[in-house]
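Notes follow the structure.
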Amino acid sequence: MYDIAIIGAGIAGSYIARELSRYKLDIVLLDGENDVGNQITMANSAIVHAGFDAPAYKLKGKFNAVGNIMYGKICDDLDVPFKRCGSLVVAHDEFEMATIHDLYKNGLKNGVPGLKILFKEEVHAMEPNLSEDICGALYAPTAGIVSPFELCAHVAENAIDNGVTLKLNHMVTAINKVDDYFNITTADENIDAKLVINAAGLYADDVYEMVGEPYFKLLARKGNYFIFDKEAGSLVNSVIFPCPSKNGKGILVSPTVHGNLLIGPDASPVDKGDVSTTGEQLDYIKANALKNCPALPFKKIIRSYAGLRNTPVADTFTTTDGDFILEESPVKGFINVAGYESPGLTSIPAVAHYVVEEIVKPLIPNIESNPNFNPKVRPHLRFEELSDEERADIIKKDPKYGKVICRCETITEGEILDVIHRNAGARTVKSVKKRCRAGMGRCQGGFCSPRVVEILARELNCSLDEIMYDQQDSTYILSGQTKSAKEEA
Amino acid sequence: MIYDVVILGGGPAGLSAAVEAKKDGAENVLILERDRELGGILNQCIHNGFGLHTFNEELTGPEYAERYIHQVTDLGIPYLLNTMVLDLTDNGDLKTIHVINEEDGYTVIQSKAVILTMGCRERTSGAIGIPGYRPSGVFTAGTVQRYINMEGYMPGKEVVILGSGDIGLIMARRMTLEGAHVNAVCELMPYSNGLVRNIVQCLDDYDIPLKLSHTITFIHGKDRIEGVSVSQVDEKMKVIPGTEEYIPCDTLLLSVGLIPENEITRTAGVEMDDRTNGSVVGELRQTSIPGIFACGNVVHVHDLVDFVSEEAVLAGKGAAKYVKGTLDTNVTFTTVNGNGISYVVPQQVAMKNVEENVTFYMRVRQVFKDRVVNAYIGDQLVATKKEKKLLPAEMVNFKIAKDVLAQYPAGEIRFVVEEAKK
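Chains as they are written, first to last, in our numbering: chain S, 14 to 502; chain B, 110 to 531.
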């Protein structure tokens with residue numbers, strides 16, 4: 014019997030697990046996927062928002078700016094790439110300038126520090142590659158960019174370091190409330206837990222309906238993105254938003270924390286799980302991104318992808334109003350962390366603290382602190398960031414750091430071995446890519462994926478064709494040996 | 110120790126350049142190779158057809174590489190394997206190369222001359238942004254070539270190939286021979302992007318349909334690819350509605366172009382050509398930075414390795430001359446891409462370095478029948494090359510004798526595709 018089962022190892026579930034590991038509790042973190050942070054956490058804008066958008070009365074408004082301020086420390090503790098590059102919401106006319114002033118006022122209410130309204134000249138001095146048509150902007154110096162994959166992997170790792178049990182490939186199919194505990198059915202095993210935290214992302218409504226009467230519904234809204242080669246990475250220095258509309262924050266142009274350039278997302282309602290990109294939407298993104306940044310070099314695109322938002326539908330269920338759902342549900346002991354869309358990534362340090370201290374703790378009498386809690390993960394050495402002397406030193410200590418596997422991103426075998434052998438470590442080609450960027454560069458794994466497959470097979474002690482790209486069993490890379498190899502064998 | 114010539118890449122260009130530099134009197138030559146053996150991409154090209162121009166016989170890729178590797182070892186040219194170049198900087202007379210490997214760790218190498226021979230990489234599905242899912246089972250053709258020929262593993266059984274580049278064609282045959290079923294090769298353009306001989310020997314002989322003016326409009330399958338939607342395109346390469354067809358497959362190969370790997374070149378500050386995606390080079394493959402030379406696919410993508418080796422000889426000569434102080438730096442001619450020509454290499458000629466003639470490598474922009482390629486200096490026609498058929502996929506080699514060029518003091522050599530005069 015676990016004290017707490019958390020369903021969903023995305024950023025919300027993983028972070029809450031890590032915050033709960035500050036206490037002496039038996040915690041299990043369940044996910045249906047073959048890796049942590051493999052759905053919404055994986056495909057988004059990777060932005061740490063300043064917090065001026067959401068109204069102050071909403072949970073989104075309450076937690077965004079607070080979460081933002083916590084990012085510096087958590088990314089330090091968890092060794093996650095994070096850069097406070099600032100953001101600009103740009104206006105093209107006086108109507109949009111009026112919106113900018115509204116955002117400014119709202120930002121002040123939400124406690125966003127350093128906000129400033131810029132004149133045209135100031136905008137172009139900061140960002141020389143923006144459209145001449147831009148007449149002003151809201152500058153938010155606290156906005157930042159982060160690596161959401163590395164954040165989620167390291168949060169989950171830190172949770173495990175502090176005693177949490179992670180069970181991947183554990184898709185929850187049924188939940189029964191039995192007296193004062195829950196019996197959770199997964200494909201492999203049944204799990205008992207006194208409390209359940211439902212952080213199942215897009216499927217949080219389905220999971221809740223396993224135990225209670227529906228009171229919220231989640232809508233998948235898809236966003237398509239493009240990633241550009243690092244050669245285009247310095248086109249903008251900060252996150253460039255258009256003026257927001259009722260559909261959201263609009264098509265942004267942003268540097269990524271690893272030095273690429275990102276544009277997107279659109280927002281179109283789709284079926285859950287539909288992460289296909291569409292030609293029409295990709296064209297729409299290009300056209301809209303060009304309005305603010307006319308110099309975008311589309312020839313330098315290296316990847317397009319789509320991600321999903323889990324938007325609570327407000328008009329059928331009066332309780333949500335498009336806000337986060339963070340509460341103990343009508344089913345006692347069952348906590349919903351749902352409708353957790355943007356600015357969910359930014360808010361998570363504050364939200365996790367709130368969920369643990371304000372919702373979970375009152376439900377557990379005599380909760381004790383975990384005296385061994387360590388907020389830091391073992392640092393992950395990134396070869397590319399080292400000085401020449403540090404490089405020489407590390408190769409002397411561990412020659413595997415002298416062998417470059419991914420040429421485009423200069424990722425060494427040492428780094429790949431590290432991400433495989435950590436807690437919540439990489440088991441698939443995609444999970445290696447998410448954690449240390451091998452295959453993330455301009456050749457998109459053309460050269461290094463056979464080497465990564467080889468390293469995974471060696472370290473996990475299996476054959477090459479047993480290595481998966483992503484999901485267990487269904488995402489094989491190689492279908493079997495060639496005729497000639499079989500004959501030789 | 111200060112090297113005379115350091116060569117960045119031990120593929121066909123690097124090997125040939127090293128041999129020539131050494132033969133021409135460069136004493137301390139060193140080859141740096143990032144892979145585990147010399148030979149570069151030739152090692153995975155186990156089909157034959159290499160060496161027809163150079164050796165007058167048909168060799169496999171590894172056999173072709175072996176001939177040069179022998180010369181390298183016979184001449185006692187040292188090489189480092191599993192060695193990655195992190196950075197190249199120009200300090201005037203000396204170039205500094207930062208490298209790492211497992212044995213020697215982090216090393217800084219100094220050399221008088223450097224030859225860039227890093228080759229090229231494949232254009233990816235990401236770069237062309239095919240709509241749909243991002244499942245497992247979508248590969249570039251070269252990656253699959255490595256899996257099959259070097260690791261001994263098949264990627265799948267039901268195959269569709271997008272793009273008719275040579276590697277894709279070769280892999281269509283290879284996978285068929287390994288028991289896979291290749292459903293179709295789809296090519297966006299109204300003509301093939303591979304050599305005619307590969308279309309015949311790799312597709313026609315195995316009844317594999319080549320669908321010209323077709324592209325993939327959707328990738329199906331969330332986990333492993335399950336199929337592709339294929340549509341016809343019009344002359345503007347826009348999808349024609351209503352022509353969509355679903356082809357089930359478990360593997361999609363892409364052979365949609367090659368891109369010279371010039372990240373080190375750009376960082377070093379070498380002048381680049383937008384058309385080739387390679388550096389601007391002279392007749393001996395000297396770049397804009399004195400002492401830095403480049404040859405092979407890193408300069409422009411070749412279709413035959415024989416011409417890579419041929420070009421690398423020039424770079425080897427050039428580097429040796431530079432080290433001995435006999436390389437002339439006065440540019441006499443620059444080349445211009447006229448009507449119908451997409452690029453010309455070299456972009457510059459210093460006549461004092463020319464021995465007997467200059468070979469200009471070029472590609473045409475589209476398919477032409479019964480045309481000539483003319484070379485003009487000013488309005489003077491200086492040379493003509495007749496071709497029955499000009500294909501973008503087949504590089505044109507246009508040789509002009511030194512004596513002919515020497516009649517003109519300096520200026521631009523403009524290459525143009527024109528109607529043949531009857």
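Yeah, the Cβ is synthetic: ideal placement off N, Cα and C, and Gly gets one too.
Practice task
Identify the contact partners of K409 (chain S) in chain B, using a Cβ-Cβ distance below 8 Å as the criterion.
Solution key: G214
Exercise for the section: Tell me whether C475 (chain S) is buried or exposed, calling it buried when 16 or more other Cβ atoms sit within 10 Å of its Cβ. Expected result: exposed
Handout entry: the stretch 403-419 of chain S touching the stretch 446-465 of chain S, judged by at least three CB pairs closer than 8 Å
Key = yes
Practice task
Whole angstroms is fine: what's the gap from G272 (chain S)'s alpha carbon to M83 (chain S)'s?
Solution key: 23 Å
Exercise for the section: Could you tell me whether any Cβ in chain S is nearer than 9 Å to the Cβ of E287 (chain B)? Expected result: yes
Handout entry: For T332 (chain S), the three-state DSSP class (helix, strand or coil)
Key = For T332 (chain S), the pLDDT reaches just 47, beneath the cut-off of 50, and the residue's location in the model is therefore unreliable, leaving the point undetermined.
Handout entry: Close-in-space but distant-in-sequence residues of the same chain around R35 (chain S) (CB under 8 Å, 5 per side omitted)
Key = N175, V369, S382, N383, F386
Practice task
Compute the distance between the beta-carbons of I78 (chain B) and L278 (chain B), then report whether it is under 9 Å.
Solution key: Here chain B comprises residues numbered 110 to 531, so residue 78 (chain B) is not present and cannot be evaluated.
Exercise for the section: Please list the partners that D431 (chain S) has in chain B, where partner means a Cβ-to-Cβ separation under 9 Å. Expected result: Per Cβ cutoff of 9 Å: no residues; D431 (chain S) is ~16 Å from chain B at best.
Problem - Cross-strand partners of V348 (chain B) (DSSP beta bridge) - result: B:V342
Handout entry: Beta-carbon contacts of Q180 (chain B) that lie in its chain and below 6 Å, excluding the five residues immediately before and after
Key = V128
Practice task
Using alpha carbons as the reference points, say which of S:I380, S:I468, S:A138, S:G320 lies closest to G214 (chain S).
Solution key: S:G320
Handout entry: Closer than 9 Å to chain B by CB, F330 (chain S)
Key = Its pLDDT being 49, under 50, F330 (chain S) is placed unreliably by the model, and nothing is read from it.
Handout entry: At least three beta-carbon pairs within less than 8 Å, the stretch 214-231 of chain B to the stretch 322-340 of chain B
Key = no
Exercise for the section: Classify K262 (chain S) as buried or exposed, calling it buried when 16 or more other Cβ atoms lie within 10 Å of its own Cβ. Expected result: buried
Exercise for the section: Would you mind giving the Cβ-Cβ distance between L363 (chain B) and T444 (chain B), rounded to the nearest angstrom? I have them listed as a contact below 8 Å. Expected result: About 32 Å; that fails the 8 Å criterion.
Practice task
Answer yes or no: do A153 (chain S) and L128 (chain S) have a C-beta to C-beta separation smaller than 9 Å?
Solution key: yes
Handout entry: Length of the line joining the Cα atoms of K430 (chain B) and L436 (chain B)
Key = 5 Å
Problem - Rounded separation between V270 (chain S) and C165 (chain S) - CA only - result: 15 Å
Problem - T332 (chain S) versus M139 (chain S) - alpha carbon distance - result: Residue placement at T332 (chain S) cannot be trusted, given a pLDDT of 47 that sits under 50; what the coordinates show is reported in the next sentence. About 42 Å.
Handout entry: Contact under 9 Å by Cβ, R394 (chain B) with E372 (chain B)
Key = no
Practice task
Would you give the residue range spanned by the alpha helix (DSSP H) that Q180 (chain B) belongs to?
Solution key: 170-183
Problem - I24 (chain S) versus P362 (chain S) - alpha carbon distance - result: 10 Å
Practice task
In angstroms with no decimal places, state the Cα-to-Cα distance between C148 (chain S) and F132 (chain S).
Solution key: 7 Å
Problem - Exposure of A122 (chain B), with buried meaning 16 or more beta-carbon neighbours within 10 Å - result: buried
Problem - Segments of 4+ residues assigned as alpha helix (DSSP H) that fall wholly inside the stretch 405-443 of chain S - result: 426-434
Practice task
Jot down the residue ranges of each uninterrupted alpha helix (DSSP H) in the stretch 179-261 of chain S, minimum 4 residues, whole runs only, in chain order.
Solution key: 217-221
Handout entry: 7 Å CB neighbourhood of F330 (chain S) in its chain, flanking five on each side removed
Key = Any reading at F330 (chain S) is ruled out, since the residue's pLDDT is 49, under 50, leaving its predicted position unreliable.
Handout entry: Close-in-space but distant-in-sequence residues of the same chain around T285 (chain B) (CB under 8 Å, 5 per side omitted)
Key = V291, Y315, I317
Practice task
Would you verify that the beta carbon of Y194 (chain S) is, or is not, closer than 9 Å to some beta carbon of chain B?
Solution key: no
Problem - Within chain B, partners of R316 (chain S) - CB distance below 7 Å - result: G235
Problem - Same chain, Cβ closer than 6 Å to K240 (chain S), neighbours up to 5 away in sequence not counted - result: One detail in the question is off: residue 240 (chain S) reads as Ile in this sequence, not Lys. Only N273, L275, I315, R316 meet the Cβ criterion.
Practice task
Look at the alpha carbon of D106 (chain S) and the alpha carbon of S58 (chain S), and state the distance between them as a whole number of angstroms.
Solution key: 26 Å
Handout entry: Burial state of Y262 (chain B) (16 or more Cβ within 10 Å)
Key = buried
Exercise for the section: Under 6 Å Cβ to Cβ from A484 (chain B), same chain only, skipping five residues before and after it: list those, please. Expected result: V491, A492, I522, F524
Problem - Contact list for the stretch 236-248 of chain B against chain S, Cβ threshold 9 Å - result: A236, I237, G238, I239, P240, G241, Y242, R243, P244, S245, G246, F248
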